[in-house]
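Protein chains: 2
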Amino acid sequence: MQLRSHDHNKCIEAAVNAARDICHRRETRFTPLRCKVLELVWNSHAPVSAYELLDMLSQEGRKRAAPPTIYRALDFLIEEGLVHRLESLNAFIGCPDPAHKHQGHFLICRTCRTVTEVNDKKLIARLTKAARLQGYSCETSMVEIVGLCVECQN
Amino acid sequence: MQLRSHDHNKCIEAAVNAARDICHRRETRFTPLRCKVLELVWNSHAPVSAYELLDMLSQEGRKRAAPPTIYRALDFLIEEGLVHRLESLNAFIGCPDPAHKHQGHFLICRTCRTVTEVNDKKLIARLTKAARLQGYSCETSMVEIVGLCVECQN
DNA sequence: TTTTTTATGATATGTTATATCTTCTCTTTC
DNA sequence: GAAAGAGAAGATATAACATATCATAAAAAA
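Chains as they are written, first to last, in our numbering: chain D, 295 to 448; chain Z, 295 to 448.
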């Protein structure tokens, strides 16, 4: 895994606290369900699918939820910038820096499936430029790079 | 549409001829079905979904084909670099430059849905660099930029 | 407290994709 | 040319991902 042994509970806790704080400031509702889903998304640093989240929810003792339950929660979390969607994997991952909303750009390790978010100003500049060269504007950009993470290269 | 009035039959014909040539050189089989699917993909400069292709195939007088038929043809065409997959749209588009295999990077117009392929060396360099900065290698990269094309900006 | 709004539950269905087994059609070999 | 083998396509079933819609509940506003 990308992040060597670390206290992952702290990751989850930090994400939840940040989310609560952000939603409070924005006066959006960080309900118990949304909180729970965010925790589940943060269960690992690997992306997770909607139906995996659904299974996890069931194992929390709740009655089996239906797909819209999870998709609605994910929609909210994505809208608030707390979670990103990985288009090439149909999967979701927590945003490590939700304070300012942004489009996520990702590095995906092909062997351990760990995903790392990139925040590269020059990359964003180049994406905008590449679009402009063809006369397009750049409103949002999906970038998903597949390769090997540091660990898996050894 | 991105490309103003043009003889689109020429686009299709050129794509098919290039494909036939490439497959012949590589000794891979450009069968009638694969050829037909490539033509259908090239019916427009907008991306097309697998099930749309399936519908189009049916309207060609053939007996209704099953999904694996189209997915297998698409897998072949993608493998040969004749078609690209747009991850964010679950759709497919013909490659305008199939002579050398490459990962496509795309500009997607949010209003007319026209897609233009980008080939920007500096962008590729920056993607590689962004990955390396985090210790990742860059094997393939998916880039899909959504904005407005020249026409739709007016 | 009543009204209104927003979130969640429940049911059904739509959309995208693959696994698997069979049949057909070439190509190779004898 | 016939038999064997390989690869492509057909057929069936089902898996995986996602949304529409209506009902109910909970929270906020009036």
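In this text, a Cβ means the ideal position worked out from N, Cα and C, and glycines have one as well. Being a predicted model, the structure only gives us computed values, none of them experimental.
Contact with chain D by residue i, beta-carbon distance below 9 Å
{"i": "Z:L334", "result": "no"}
{"i": "Z:I364", "result": "no"}
{"i": "Z:V437", "result": "yes"}
{"i": "Z:V286", "result": "Residue 286 of chain Z lies beyond the residue range present for chain Z, which begins at 295 and ends at 448; the question has no answer from this structure."}
{"i": "Z:H396", "result": "no"}
{"i": "Z:T325", "result": "no"}
{"i": "Z:S338", "result": "no"}
{"i": "Z:L348", "result": "no"}
{"i": "Z:E433", "result": "yes"}
Within-9 Å CB hit, residue i to chain Z
{"i": "D:A424", "result": "yes"}
{"i": "D:Y430", "result": "yes"}
{"i": "D:E487", "result": "A query on residue 487 of chain D cannot be resolved here, the shown segment of chain D reaching from 295 to 448 and no further."}
{"i": "D:T322", "result": "no"}
{"i": "D:V377", "result": "no"}
{"i": "D:C443", "result": "yes"}
{"i": "D:H399", "result": "yes"}
{"i": "D:L417", "result": "yes"}
{"i": "D:D405", "result": "The question names Asp, but residue 405 of chain D in the sequence shown is Thr. It does not: the Cβ of D:T405 has no partner Cβ on chain Z nearer than 9 Å."}
{"i": "D:S343", "result": "no"}
{"i": "D:I381", "result": "The displayed chain sequence assigns Glu, not Ile, to residue 381 of chain D. It does; some Cβ of chain Z falls within 9 Å."}
{"i": "D:E373", "result": "no"}
{"i": "D:L427", "result": "yes"}
{"i": "D:V440", "result": "yes"}
{"i": "D:L421", "result": "yes"}
Under 9 Å between C-beta atoms of residue i and residue j
{"i": "D:A340", "j": "D:C406", "result": "yes"}
{"i": "Z:L368", "j": "Z:V377", "result": "yes"}
{"i": "Z:E381", "j": "Z:M436", "result": "yes"}
{"i": "Z:I316", "j": "Z:A393", "result": "yes"}
{"i": "D:T410", "j": "Z:Q447", "result": "no"}
{"i": "D:A284", "j": "Z:V412", "result": "Outside the displayed range of chain D (295 to 448) lies residue 284 of chain D, so it cannot be described from this structure."}
{"i": "Z:R319", "j": "Z:C329", "result": "no"}
{"i": "Z:L327", "j": "Z:V335", "result": "no"}
{"i": "Z:A308", "j": "Z:L332", "result": "no"}
{"i": "Z:S343", "j": "Z:H302", "result": "no"}
{"i": "Z:F370", "j": "Z:T408", "result": "no"}
Which residues DSSP lists as bridging residue i, in chain order
{"i": "Z:V342", "result": "Z:F386"}
{"i": "Z:I316", "result": "Paired residues: none, contrary to the question."}
{"i": "D:S431", "result": "D:S431 is not bridged to any residue."}
{"i": "Z:V437", "result": "D:V437, Z:H399"}
Check your understanding: What beta strand (DSSP E) runs, 3 residues minimum, are completely inside the segment 348 to 422 of chain Z?
Key -> Counting only runs of 3 or more, we get 377 to 380, 385 to 388, 399 to 403, 409 to 412.
Review point. Does the segment 374 to 388 of chain Z come close enough to the segment 399 to 412 of chain Z that 3 or more CB-CB pairs lie under 8 Å?
Key: yes
Review point. Is the segment 430 to 437 of chain Z close to the segment 353 to 370 of chain Z, with three or more CB pairs under 8 Å?
Key: no
Check your understanding: Quick check: the segment 416 to 428 of chain D against the segment 342 to 359 of chain D, are there 3 or more CB pairs under 8 Å?
Key -> no
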